[in-house]
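Have a look at the structure below before the remarks.
Number of protein chains: 2
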Amino acid sequence: MRISELSRESGVPVATIKYYLREGLLPPGASTAVNQASYGDEHLRRLRLIGVLTDVGGLRLRTVARVLEAVDDEGLSTHHMLGVAHHALGPEPTDDADLEPALTDVARLLAARGWQVSDQAPSRRALAHALCTLRRLGRNPDHAVLDRYADAVDQLASKEVPHATATVPRTEAIENLVIGTIVYEAVLIALRRLAQEHHSAQRLAVTTPSSRTGHA
Amino acid sequence: MRISELSRESGVPVATIKYYLREGLLPPGASTAVNQASYGDEHLRRLRLIGVLTDVGGLRLRTVARVLEAVDDEGLSTHHMLGVAHHALGPEPTDDADLEPALTDVARLLAARGWQVSDQAPSRRALAHALCTLRRLGRNPDHAVLDRYADAVDQLASKEVPHATATVPRTEAIENLVIGTIVYEAVLIALRRLAQEHHSAQRLAVTTPSSRTGHA
Chain A
1 MRISELSRES GVPVATIKYY LREGLLPPGA STAVNQASYG DEHLRRLRLI GVLTDVGGLR
61 LRTVARVLEA VDDEGLSTHH MLGVAHHALG PEPTDDADLE PALTDVARLL AARGWQVSDQ
121 APSRRALAHA LCTLRRLGRN PDHAVLDRYA DAVDQLASKE VPHATATVPR TEAIENLVIG
181 TIVYEAVLIA LRRLAQEHHS AQRLAVTTPS SRTGHA
Chain B
1001 MRISELSRES GVPVATIKYY LREGLLPPGA STAVNQASYG DEHLRRLRLI GVLTDVGGLR
1061 LRTVARVLEA VDDEGLSTHH MLGVAHHALG PEPTDDADLE PALTDVARLL AARGWQVSDQ
1121 APSRRALAHA LCTLRRLGRN PDHAVLDRYA DAVDQLASKE VPHATATVPR TEAIENLVIG
1181 TIVYEAVLIA LRRLAQEHHS AQRLAVTTPS SRTGHA
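Chains A and B, in that order, are what the protein sequence lines are.
If you count by the numbering used here, then the first sequence holds residues 1 to 216, one letter each, in order.
If you count by the numbering used here, then the second sequence holds residues 1001 to 1216, one letter each, in order.
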């Protein structure tokens, strides 16, 4: 198909497609004439993946390029390819003087659970950062709560990850990862807050619904 | 204590304290002389709460003022006071034409679980928004996954909320709520991503640790 058709099919403006071509995010089409090229399904799939990475994953184009490089590197195992994408989803590393001891706590927690996680995983720092915030506010992290959380996500992940990393094409595997991580993260957080509100209502024995701004 | 001492004790600059006084976020101190006032522990506690709401909760001062109003309104039950704070934590409502049917799905899910949640809870919209994103990407929300998530957060919340809303002073109850919602949310998300990476490694049978950028 021509670039105009590729734009129509994908919903991505022609100018953006040309920009992706110039930046090497999208491979060139097959030349059909001077200044004309033909594009195929692989271009549609690639545009869709870029859309998921930027719109859902919130990644900048420079980071998208790094993920696409991993997708195209056939010498890279599916596990390492997914690792590049997973880590690209962030969060960005933060500077915090108290982070080192907290990172040791995190490493200890992972070792106790036998979780096999890269030293570079950004979530190590994210967890350490949260533990620092608790300490800064004068609260010791509640290890019983941490254990319950770890049990819960361990169970959830054991049922989800096989679904995401079954023998599907690499592009699709990355899309599943981004959606499973980012969108289902939003689902989990929203459900958690709804459950909190419900249990707060139960706990405080609210019997009459109210029209006030608070919980009903 | 004098305002300079209040600043030293709280770590909040004098100029900021004066601003809070002008905006009515901090009640005036007891007048001791012309242009001099004395501040007490309740001012320290209030400054600390404002700090938690802005730094941890990420709230703007206008929203902080709304939460403080609820704290000071003794006619408001603890449940409703916490509701004002919980809803203030967001997320902001979004515009989405497809949101209405998704909101109906959310209401159905809540009804099926018997969860008692205010019609105004922002998390209803947050969950509906995530469901819309899935549909936009051509994936139907996986109801088995939603049920597993709901089971997990139901169990977690049933054990945490009593801790947060035991008979503690109102200020402390709000602090517990903000910390429990925001910081432990970060803990949960980080743990989930670590568990995902571990299960991905298990699933893809990664046997030799590697120094590549991906999962090890």
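No residue lacks a Cβ here, since even glycine has one placed at the ideal position from N, Cα and C.
Because the structure is a prediction, the values reported are computed rather than measured.
Distance from the CA atom of Leu68/A to the CA atom of Glu185/A, rounded to whole angstroms, is 23 angstroms. With respect to the 7 angstroms criterion, Ala65/A and Met81/A are not classified as neighbours on the basis of their beta carbons. Not a single CB atom of chain A sits nearer than 7 angstroms to the CB of His1043/B. In the DSSP annotation of this structure, the continuous segment of the alpha helix (DSSP H) that includes Thr1171/B starts and ends at Arg1170 to Val1178.
As computed with DSSP, Gln36/A is found in a beta bridge with Ala33/A.
Residues Val52, Leu53, Val56, Gly57, Ala85 and Leu89 of the same chain have their beta carbon placed closer than 8 angstroms to that of Val178/A, with the five preceding and five following residues left out of the count. Of the residues Arg8/A, Glu5/A and Ile50/A, the one whose Cα lies closest to the Cα of Glu23/A is Ile50/A. For Arg62/A, the enclosing alpha helix (DSSP H) has its first and last residue at Leu61 to Asp72.
Three or more Cβ pairs closer than 8 angstroms define a contact, and the segment 1189-1201 of chain B falls short of that threshold against the segment 1098-1105 of chain B.
Residue burial annotation: Thr63/A is buried, with at least 16 other C-beta atoms found within 10 angstroms of its C-beta. Sequence-ordered contacts of the segment 1098-1132 of chain B with chain A read Val1106, Leu1109, Leu1110, Arg1113, Gly1114, Trp1115, Gln1116, Val1117, Ser1118, Asp1119, Gln1120, Ala1121, Pro1122, Ser1123, Arg1124, Arg1125, Ala1126, Leu1127, Ala1128, His1129, Ala1130 and Leu1131 [C-beta pairs closer than 9 angstroms]. Judged by DSSP secondary structure, Asp41/A falls within the alpha helix (DSSP H) whose first and last residues are Asp41 to Gly51. Restricting attention to Arg1002/B, Asp1151/B and Thr1032/B, the CA atom closest to the CA of Lys1018/B is found in Arg1002/B. Counting along the chain, the unbroken alpha helix (DSSP H) around Ala130/A starts and ends at Pro122 to Arg136.
At a Cβ-Cβ threshold of 7 angstroms, Val1153/B and Ala130/A do not count as neighbours. The three-state secondary structure of Pro1013/B, taken from DSSP, is coil. The Cβ of Ile174/A sits no closer than 7 angstroms to any Cβ of chain B.
Within chain A, the residues whose beta carbon sits less than 7 angstroms from that of Ser1200/B are His79, Leu82, Val161 and Thr165, listed in sequence order.
Excluding its 5 nearest sequence neighbours in each direction, Arg170/A has C-beta neighbours in its own chain below 8 angstroms: Val71, Thr78 and Met81, listed in chain order. Under the DSSP assignment, Gly83/A falls in the alpha helix (DSSP H) whose first and last residues are Thr78 to Ala88. Judged by their CB atoms, Pro91/A and Ala121/A are not nearer to each other than the 7 angstroms cut-off.
For Glu74/A, no chain B residue has a C-beta closer than 9 angstroms to its own C-beta; the minimum C-beta separation is roughly 14 angstroms.
Counted as a single uninterrupted DSSP element, the alpha helix (DSSP H) harbouring Ile189/A occupies residues Tyr184 to Arg203. Pro101/A carries a helical assignment under DSSP once its states are collapsed to helix, strand and coil. Within the model, the alpha-carbon separation for Ser1007/B versus Ala1033/B is close to 19 angstroms.
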